[in-house]
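The block underneath contains the structure these notes are about, expressed in structure tokens.
2 protein chains.
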Amino acid sequence: MYYFFIYICNMKNEFLKNWDTQLKKGLLPFFVLQALNQKECYGYELIQTLKDSVGIEVTESTIYPLLIRLMKDELLIHKWVEQQSGIPRKYYFITEEGKSNLLEMKKNIEEMMQKIEIK
Amino acid sequence: MYYFFIYICNMKNEFLKNWDTQLKKGLLPFFVLQALNQKECYGYELIQTLKDSVGIEVTESTIYPLLIRLMKDELLIHKWVEQQSGIPRKYYFITEEGKSNLLEMKKNIEEMMQKIEIK
DNA sequence: TTTAATACATCGTTATACAATGTATTATTT
DNA sequence: AAATAATACATTGTATAACGATGTATTAAA
Numbered sequence: 008m009y010y011f012f013i014y015i016c017n018m019k020n021e022f023l024k025n026w027d028t029q030l031k032k033g034l035l036p037f038f039v040l041q042a043l044n045q046k047e048c049y050g051y052e053l054i055q056t057l058k059d060s061v062g063i064e065v066t067e068s069t070i071y072p073l074l075i076r077l078m079k080d081e082l083l084i085h086k087w088v089e090q091q092s093g094i095p096r097k098y099y100f101i102t103e104e105g106k107s108n109l110l111e112m113k114k115n116i117e118e119m120m121q122k123i124e125i126k
Numbered sequence: 008m009y010y011f012f013i014y015i016c017n018m019k020n021e022f023l024k025n026w027d028t029q030l031k032k033g034l035l036p037f038f039v040l041q042a043l044n045q046k047e048c049y050g051y052e053l054i055q056t057l058k059d060s061v062g063i064e065v066t067e068s069t070i071y072p073l074l075i076r077l078m079k080d081e082l083l084i085h086k087w088v089e090q091q092s093g094i095p096r097k098y099y100f101i102t103e104e105g106k107s108n109l110l111e112m113k114k115n116i117e118e119m120m121q122k123i124e125i126k
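Here the protein sequences come in this chain order: P and E. For the first sequence, my numbering assigns the number 126 to the last residue and increments by one with no breaks. For the second sequence, my numbering assigns the number 126 to the last residue and increments by one with no breaks.
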């Protein structure tokens, strides 16, 4: 009976979990640009930043390809910074184009959110 | 010179256009459930409803597979309704499980949106 | 000495929006 | 009357992107 209950719960959460992933797909580039707009970060640091300040949990296999995409679109640039000890860090900076895109994205999201309020 | 300008503009919008698609990917199931929560619809009608009330433009090849998915997850049920003339219409209704998921989704979105405000 | 944490990266799988295409019926235009 | 558009259903193939799994290398902690 207990395991049956767990089973039912998991079934129900399956949809929500999947949906959450898809929602993230859309919002993640926005949150990344926004985070880097406030302060330059290196990839590994960004994962923590997103978790702490936005509550979004992403893995390295999500964040690194995303950063590469944003670089290819020229919304970001990067700079290697060597450390006193350990592996050098790859810091990412938002470009002017990145900033203008960020504003546009924010406008889009706010427009959509208003439509939710209307109901 | 003119065409160069157009070219540059399109380049810039390429990212935003793609991003918009990804954002839609996450929000569409929510908007569909919300629309059907207010009033039952048939597929073709839902496309118009989404455009008119939410401003989201989707094609039939997006909406029909989505409705099938939501049925499989038991968030929707359907009922064929014959017309005086023409092809019978497949009306979709939200289930109790659909309603509870809709609430959960709304909560998730609102949580995320708050985090945007914090900046 | 081993394990965990930091920091980079890639590959394969899965989910899903969308263009293209198809079928069938009715309404409108030529 | 014939051709076109609109309505209404549906499927197939392609492209995008998150994520698990895996890999390399360095440093800190157990």
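Don't be surprised by glycine CBs; every beta carbon is placed ideally from N, CA and C. Small disclaimer: the values here were computed from a predicted structure and weren't measured.
Look at the beta carbons and you see the stretch 78-98 of chain P not touching the stretch 30-38 of chain E: under three pairs across the two are nearer than 8 Å. Beta-bridge partners of residue 96/E (DSSP): 88/E. Setting aside the 5 residues that flank it on each side, residue 108/E is surrounded in the same chain by 82, each with a C-beta closer than 6 Å to its C-beta; the list follows chain order.
With a threshold of 8 Å between beta carbons, residue 43/E makes no contact with chain P.
Under the criterion of beta carbons closer than 8 Å, residue 44/E and residue 106/E qualify as touching, at roughly 6 Å.
From the beta-carbon of residue 29/E, the residues of chain P found nearer than 7 Å are 32, 33. In this structure, 49/P is the residue among 119/P, 121/P, 49/P with its C-alpha nearest to the C-alpha of residue 86/P.
Interface with chain E (8 Å Cβ-Cβ cutoff): residue 62/P is included. If you draw a straight line from the Cα of residue 29/E to the Cα of residue 22/E, it is about 11 Å long. Counting the other Cβ atoms within 10 Å of the Cβ of residue 51/E gives fewer than 16, which makes it exposed.
Among the CB atoms of chain P, one or more fall inside 8 Å of the CB of residue 26/E. In this structure, residue 75/E keeps its C-beta atom at 8 Å or more from the C-beta atom of residue 54/E. For residue 63/E, the three-state secondary structure derived from DSSP is coil. Taking a 10 Å sphere around the C-beta of residue 88/P, we find fewer than 16 other C-beta atoms and assign the residue as exposed.
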